[in-house]
Ligand SMILES: Nc1ncnc2c1ncn2[C@@H]1O[C@H](COP(=O)(O)OP(=O)(O)OP(=O)(O)O)[C@@H](O)[C@H]1O
Ligand SMILES: [Mg+2]
């Protein structure tokens, strides 16, 4: 097992119980979608994995190692993250944004001067090629379209050859057509470099189309966990009935 | 493992995608007969009429070898590819296996830049063509033209290959066509077209060379044999391929590395480096011109400093209450001056922001006012005011107010000019008036920098107000100056300490306010 989460609980300072006992195991190479409406705890779950959120109970095991403050740096080296709002540095070129993914392994003095080795730059260019943006390597990212920005975000997340990619609603700020192409890209890259992907989504159609497995979250609890091939819209709709709304079943709902 | 591994071929078919329509530009004859000789099975090139035919022949296994465009290969690759690339040709005299897509127009055409292509007649290649369709599609999208939308153009002519596209532009049946640089160079070289007849208005970045491919499920030995024969062929025969004569065929891994390398650029451009060098040089010259001797400065002034400090210490706080009152007066002068500056600079700042000023003359007048008051030091202003209205706090307040108004108005104008205009447009589109737009989209955006700037100016004005006392404009500066005049250095140091502590407290306060409001 690549990742084993047991009994994860998180209550925020204001009393919001975002996670109320979550168990989840992820195999190497899986593309898992965490499906849930707004406020169901997807972000909190994902951020608990790489320690951006500190759960008060439960444990996260990565390669059979319990994640603690001492093992966290190792996990972070092996995970990449893709964000809903891209979180790119706007004034920098796509290439420099991708290179920021290598900062933890760079000579700090040289990188302060934006100097990177030839291999590092080749690696960044290869990642940009993989996401189809080689010709935009030297464009400032604020000049790129939303879909292109997310591609840069993905290139930045994969440059250090992670084992695990965490994607928090990577297509929520994009239109349906571009969303499809970004999801395809994630899936293809996952296949190509043998990446395990955990991706938060609130659109059922995208989850059904691209994932290997769907984990449904509602009110901080897992309400569904099954291989995608065994699932359909009707079934998911039934499960979510009574669990509140906000799930998008197809593009007409949006 | 599968039966195809053991399959014995009577002949090998090589499916060739449509790169051009004359054999000279797309010639696999020699390579095929060389392979036939060496492996003992006839290899027959089959020139396909479109990319789809070539791709289908390969995926159906009718052809075992093929030549595909880079994009067509990628397309096949993403659908669980039946083929693998094994060689990429390097055209003679080029040394690199890449090429570009170039947009050509007739010389007399009025099309100058890519944007002008809209509503013109365009000749387009096969949708699987890399430099005749896919790369141009991306390039056009960058300038907001959607190639897939027929309404973007006056007419679309579909052409079978690059040569036909080039001819259609030269002959005038199309106004513009994206074509492969390889075909274009070839047609120039053999005299089919004249460089005077057309212009290149735009070219794409490098495109990876089009690969030779074979079926993935061919027998391993056969694949290895074909690959090593092709990579070595240039040592034995004149190799040719797409673009006519080839220097050699290289391993796709090598060509891919070179392709990526062609995108390497230095992190710092020459312009930046020259800029930095010029900066260093100018400052070196200044230091030399001012005869700054750093080592002497360090050794001598250390002694002087010791002397001066010896006379100043310990500080003399004997009339502490009096000094504190003077300090308070200074702070009051600064606060009042800052308020005056804020009050004056709000209207003037708005009027000197290009995107808010009602018209150019008003903008210019407002700008002139801000520059004028910034140009006159408050020191001079205060001296004149002391002569005009006499000693006391007022000259200081007015001098500070007007001088820093010049700064604040400039700061405000700059942050107003940098606001995100999109929310402005949104509010405008809903019918809001100019002042409502300012109130609801400009003000909220500039509030943080407004507060930050005001706090900075207050801080600065307190420091300046201590100095203004020297010219008789009230406050602790007057005390400082008289202490100096009387050579009462311990008092001087006491005053400096008071000033320092005051400014320290103000600084803490303002950063507290900043953290709460910003
Ligand atoms: N820092 C925080 N402080 C307090 N409550 C929080 C905090 N972060 C999240 N929450 C609350 O925790 C719950 C789960 O939030 P979370 O962001 O994980 O949901 P989500 O499924 O990612 O939602 P969305 O689809 O809107 O991103 C919500 O009720 C949210 O309001
Ligand atoms: Mg979220």
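Chains as they are written, first to last, in the numbering used here: chain L, 502 to 755; chain W, 114 to 631.
By construction, the Cβ of each residue, glycine as well, lies at the ideal position given by its N, Cα and C atoms.
Checklist entry - When we look at the beta-carbon of residue 474 of chain W and count the other beta-carbons within 10 Å, is it buried (16 or more) or exposed? => result Within the second chain, the letter at position 361 stands for residue 474 of chain W. Counting Cβ neighbours within 10 Å, residue 474 of chain W comes out exposed, since fewer than 16 surround it.
Next on the checklist: Can you pull the chain W neighbours of residue 638 of chain L, defined as C-beta to C-beta under 7 Å?
Outcome noted: Translated into positions along the first chain, residue 638 of chain L becomes position 137. 376, listed in chain order.
Item to check | Check: residue 159 of chain W C-beta below 7 Å from any heavy atom of ligand 2 | outcome: In the second chain, the residue the question calls residue 159 of chain W occupies position 46. Checking every heavy atom of ligand 2 against the Cβ of residue 159 of chain W, none is found closer than 7 Å.
Checklist entry - Taking Cβ-Cβ distances shorter than 8 Å, what residues in chain L pair up with residue 373 of chain W? => result Counting from one through the second chain, the residue named residue 373 of chain W turns up at place 260. Those within 8 Å of residue 373 of chain W in chain L are 623, 626, 627, 630, 635.
Checklist entry - Do the CB positions of residue 570 of chain W and residue 456 of chain W come within less than 8 Å of each other? => result In the second chain, counting from the first residue as 1, residue 570 of chain W sits at position 457. In the second chain, counting from the first residue as 1, residue 456 of chain W sits at position 343. No; because the gap between Cβ atoms is not below 8 Å, this pair is not in contact.
Next on the checklist: Relative to the C-alpha of residue 374 of chain W, which candidate in L/636, L/540, L/682 has its C-alpha closest?
Outcome noted: As a working mapping, residue 374 of chain W is identified with position 261 in the second chain. It is L/636.
Checklist entry - If the cut is a Cβ gap below 8 Å, which residues of chain L does residue 671 of chain W touch? => result In the structure as shown, chain W begins at 114 and stops at 631. Residue 671 of chain W is therefore absent and cannot be evaluated.
Checklist entry - Taking just the CA atoms, how far does residue 558 of chain L sit from residue 523 of chain L? => result In the first chain, the residue the question calls residue 523 of chain L occupies position 22. In the first chain, the residue the question calls residue 558 of chain L occupies position 57. Rounded to whole angstroms, residue 523 of chain L to residue 558 of chain L spans 10 Å at the Cα level.
Checklist entry - Would you say residue 586 of chain L touches ligand 2, meaning its beta carbon is less than 7 Å from a heavy atom? => result One-based indexing of the first chain puts residue 586 of chain L at position 85. Result no, Cβ not under 7 Å from ligand 2.
Checklist entry - So, residue 532 of chain L versus residue 713 of chain L, is the Cβ gap smaller than 8 Å? => result Start at 1 with the first residue of the first chain, and residue 532 of chain L comes out as number 31. Start at 1 with the first residue of the first chain, and residue 713 of chain L comes out as number 212. Their beta carbons are under 8 Å apart, which means residue 532 of chain L touches residue 713 of chain L by this criterion.
Next on the checklist: Tell me which residues of the stretch 201-223 of chain W have at least one Cβ-Cβ distance to chain L shorter than 7 Å, keeping chain order.
Outcome noted: none
Checklist entry - What is the DSSP secondary structure of residue 524 of chain L, reduced to helix, strand or coil? => result Translated into positions along the first chain, residue 524 of chain L becomes position 23. Of the three classes helix, strand and coil, the one that applies to residue 524 of chain L here is strand, per DSSP.
Checklist entry - With which residues is residue 706 of chain L paired in a DSSP beta bridge? => result Taking the first residue of the first chain as position 1, residue 706 of chain L is located at position 205. DSSP, once it has assigned bridges, lists no residue as partnering residue 706 of chain L.
Checklist entry - Under 8 Å between C-beta atoms, does residue 616 of chain W make it to chain L? => result Within the second chain, the letter at position 503 stands for residue 616 of chain W. Answer no: the Cβ-Cβ gap between residue 616 of chain W and chain L never drops below 8 Å.
Next on the checklist: For ligand 1, is there any heavy atom lying closer than 7 Å to the beta carbon of residue 703 of chain L?
Outcome noted: Taking the first residue of the first chain as position 1, residue 703 of chain L is located at position 202. Yes, since a heavy atom of ligand 1 falls inside the 7 Å radius drawn around the Cβ of residue 703 of chain L.
Next on the checklist: Are there any heavy atoms of ligand 2 lying less than 7 Å away from the beta-carbon of residue 511 of chain L, as far as the coordinates show?
Outcome noted: Counting from one through the first chain, the residue named residue 511 of chain L turns up at place 10. Checking every heavy atom of ligand 2 against the Cβ of residue 511 of chain L, none is found closer than 7 Å.
Item to check | Own chain residues within Cβ distance below 8 Å of residue 508 of chain L, not counting five before or after | outcome: Locating residue 508 of chain L in the first chain gives position 7, counting from the first residue. Closer than 8 Å at the Cβ level, and outside the excluded window around residue 508 of chain L, lie 522, 523, 524, 558, 559, 560.
Item to check | Integer Cβ distance of residue 559 of chain W from residue 529 of chain W, believed to fall under 8 Å | outcome: Sequence index remark: in the second chain, residue 559 of chain W carries index 446 (1-based). Sequence index remark: in the second chain, residue 529 of chain W carries index 416 (1-based). At roughly 6 Å, the Cβ-Cβ gap stays under 8 Å, so residue 559 of chain W and residue 529 of chain W are in contact.
Next on the checklist: For residue 436 of chain W and residue 534 of chain W, which I take to be in contact (beta-carbon distance under 8 Å), what is that distance rounded to the nearest angstrom?
Outcome noted: Position 323 of the second chain holds residue 436 of chain W. Position 421 of the second chain holds residue 534 of chain W. Not really, about 52 Å apart at Cβ, beyond 8 Å.
Next on the checklist: Using beta carbons (cut-off 8 Å, strictly below), is residue 380 of chain W in contact with chain L?
Outcome noted: For the purposes of this step, residue 380 of chain W is taken as the residue at position 267 of the second chain. It does; some Cβ of chain L falls within 8 Å.
Checklist entry - Is residue 674 of chain L near ligand 1, with its Cβ less than 7 Å from a heavy atom? => result Here residue 674 of chain L is taken as the residue at index 173 of the first chain, counted from 1. No - ligand 1 has no heavy atom lying nearer than 7 Å to the Cβ of residue 674 of chain L.
Checklist entry - Mind checking whether the beta-carbon of residue 558 of chain L lies closer than 7 Å to any heavy atom of ligand 1? => result In the first chain, the residue the question calls residue 558 of chain L occupies position 57. Because no heavy atom of ligand 1 lies under 7 Å away, the Cβ of residue 558 of chain L does not count as near it: no.
Checklist entry - Does the beta-carbon distance from residue 702 of chain L to residue 550 of chain L come in below 8 Å? => result The sequence position of residue 702 of chain L within the first chain is 201, counting from 1. The sequence position of residue 550 of chain L within the first chain is 49, counting from 1. Their beta carbons are not under 8 Å apart, which means residue 702 of chain L does not touch residue 550 of chain L by this criterion.
Item to check | Cβ-heavy atom distance, residue 544 of chain L to ligand 2, below 7 Å | outcome: Locating residue 544 of chain L in the first chain gives position 43, counting from the first residue. Yes - ligand 2 has a heavy atom lying nearer than 7 Å to the Cβ of residue 544 of chain L.
Next on the checklist: Looking at chain W, is there any beta carbon in it that lies within less than 8 Å of the beta carbon of residue 490 of chain L?
Outcome noted: Outside the shown range of chain L, which is 502 to 755, sits residue 490 of chain L, and nothing can be said about it.
Checklist entry - So, helix, strand or coil for residue 232 of chain W, using DSSP? => result In the second chain, the residue the question calls residue 232 of chain W occupies position 119. Residue 232 of chain W falls in the coil class under three-state DSSP.
Checklist entry - Where does residue 199 of chain W sit, in a helix, a strand or coil, going by DSSP? => result If you number the second chain from 1, residue 199 of chain W lands on position 86. Correct three-state label for residue 199 of chain W: strand.
Checklist entry - If residue 331 of chain W sits next to residue 177 of chain W, beta carbons under 8 Å apart, how far is it from one beta carbon to the other, in whole angstroms? => result Working through the second chain from its first residue, we reach residue 331 of chain W at position 218. Working through the second chain from its first residue, we reach residue 177 of chain W at position 64. With 8 Å as the limit, residue 331 of chain W and residue 177 of chain W qualify as a contact, their Cβ atoms being about 6 Å apart.
Next on the checklist: By DSSP's criteria, residue 128 of chain W is part of a beta bridge. Which residues make up the other side?
Outcome noted: Position 15 of the second chain, counting from 1, holds the residue named residue 128 of chain W. DSSP, once it has assigned bridges, lists W/159, W/179 as partnering residue 128 of chain W.
Item to check | Sequence-distant residues of its chain with Cβ nearer than 7 Å to residue 739 of chain L (five each side left out) | outcome: For this step, residue 739 of chain L is matched to residue 238 along the first chain. Cβ neighbours of residue 739 of chain L beyond the five flanking positions: none.
Checklist entry - Nearest CA to the CA of residue 484 of chain W: which residue from W/608, W/519, W/319, W/268? => result One-based indexing of the second chain puts residue 484 of chain W at position 371. Closest by alpha carbon: W/519.
Checklist entry - How many whole angstroms separate the CB atoms of residue 504 of chain L and residue 526 of chain L, which I take to be in contact at a CB cut-off of 8 Å? => result Walking along the first chain from the start, residue 504 of chain L turns up at place 3. Walking along the first chain from the start, residue 526 of chain L turns up at place 25. Their Cβ separation, rounded to whole angstroms, is 7 Å, which keeps residue 504 of chain L and residue 526 of chain L in contact under 8 Å.
Checklist entry - Given a threshold of 16 other Cβ atoms within 10 Å of its Cβ, counted over all protein chains shown, does residue 317 of chain W qualify as buried or as exposed? => result On the second chain, position 204 is the one that residue 317 of chain W refers to. Buried, by the Cβ-count rule.
Checklist entry - Does the beta carbon of residue 258 of chain W come closer than 8 Å to any beta carbon on chain L? => result If you number the second chain from 1, residue 258 of chain W lands on position 145. Not an interface residue.
Checklist entry - Which of helix, strand or coil does DSSP assign to residue 727 of chain L? => result Counting from one through the first chain, the residue named residue 727 of chain L turns up at place 226. Looking at residue 727 of chain L - three-state DSSP - the assignment turns out to be strand.
Checklist entry - Is there a Cβ from chain W that is less than 8 Å from the Cβ of residue 615 of chain L? => result Residue mapping note: residue 615 of chain L aligns to position 114 of the first chain, counting from 1. Yes, contact with chain W.
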